[in-house]
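Quick note on numbering: the sequence shown equals residues 241 to 379 in our numbering.
No residue lacks a Cβ here, since even glycine has one placed at the ideal position from N, Cα and C.
Structure first, commentary second.
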Amino acid sequence: TSSRLAAVRYFHEVKRYIAEKGYTGIDIMADVGSAVCACSDGVISAIYDDPYMGQCIEVDHGGGIVSRYAGVSSTFAEGISVGSKVVKGQLMTSISDGYGIEMSDEPHLHFEILLNGVKNDPLIFIPYSESSAVFNYED
C-alpha cells in the first residue's frame, strides 16, 4: 500500500539524516510517565544526572555494548539501582517532563548505544524489515 511505501521511504530518510549529521542517538517521542524498559538483558552500570541530557541510566549488556536512556524520571522502579540485573522489557523508570537543553522539546526518550565506549547509530542494532514496520498514520 502507499502508506507502507511511505513508511519505508521515511525510515531510510531518517537513517540517511542520522548518518549525515553524525547524530548518535534516537529520540523516541512519548508522553510524560510512559514506561522506559530495558532493551536487552544486562546490568545497570550507571545512573546519573547529566546537565545536557538530564537523568540517565546505562545498562551494560556485555561484549562492550552499553545502552543509554536519557531524559528519564529520577523515580525508578523497585529494585532499579547500580549493579541491578535487568531483563529485556523490564520496567526501569519513565519519561520525564523535560531536561537540560531539550527542555523545550516534546517529551521523549533519548536512546543511545555505545560499543566499547564509542557512540553508534542505535538503528544498526534494531532489527528492521518492511514486513515488521508499524506506523499509525493515514495517507
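Collapsed DSSP secondary structure at residue i in the structure displayed
i       : result
Ile-364 : helix
Ser-307 : strand
Ser-243 : Residue confidence for Ser-243 is low, a pLDDT of 46 falling below 50, so the modelled location carries little weight and cannot support an answer.
Glu-346 : coil
Thr-333 : strand
Val-283 : strand
Lys-359 : strand
Val-326 : strand
Ala-373 : For Ala-373, the predicted model reports a pLDDT of 43, less than 50, meaning its position is unreliable and no value from the coordinates is stated.
Ile-292 : Sequence check: residue 292 is Tyr here, not Ile. DSSP places Tyr-292 in coil when its eight states are reduced to three.
Spatially closest choice to residue i from the options, by CA coordinates
i       : options                               : result
Lys-328 : Gly-282, Ile-268, Thr-264 and Ala-270 : Gly-282
Gly-303 : Ile-353, Phe-316 and Gly-273          : Ile-353
Cys-279 : Gly-265, His-301 and Tyr-288          : His-301
Ser-321 : Tyr-288, Gly-265 and Asp-361          : Tyr-288
Ala-275 : Arg-308, Gln-330, Ser-334 and Lys-325 : Ser-334
Ile-297 : His-350, Glu-346, Thr-264 and Asp-337 : His-350
Ser-313 : Val-299, Gly-265, Val-358 and Asp-337 : Asp-337
Thr-315 : Gly-323, Leu-331 and Ser-307          : Leu-331
Asp-271 : Gly-311, Val-299, Thr-264 and Gly-294 : Gly-311
Gly-265 : Ser-307, Gly-273 and Gly-319          : Ser-307
Span of the beta strand (DSSP E) around residue i
i       : result
Ile-320 : Taken as a continuous stretch (DSSP letters only), Ile-320 belongs to no beta strand (DSSP E), as it is neither H nor E.
Asp-271 : First-last for Asp-271: undefined, no H or E at that position.
Tyr-312 : It is Val, not Tyr, that sits at residue 312 in the sequence shown. No beta strand (DSSP E) contains Val-312, which DSSP labels as neither H nor E.
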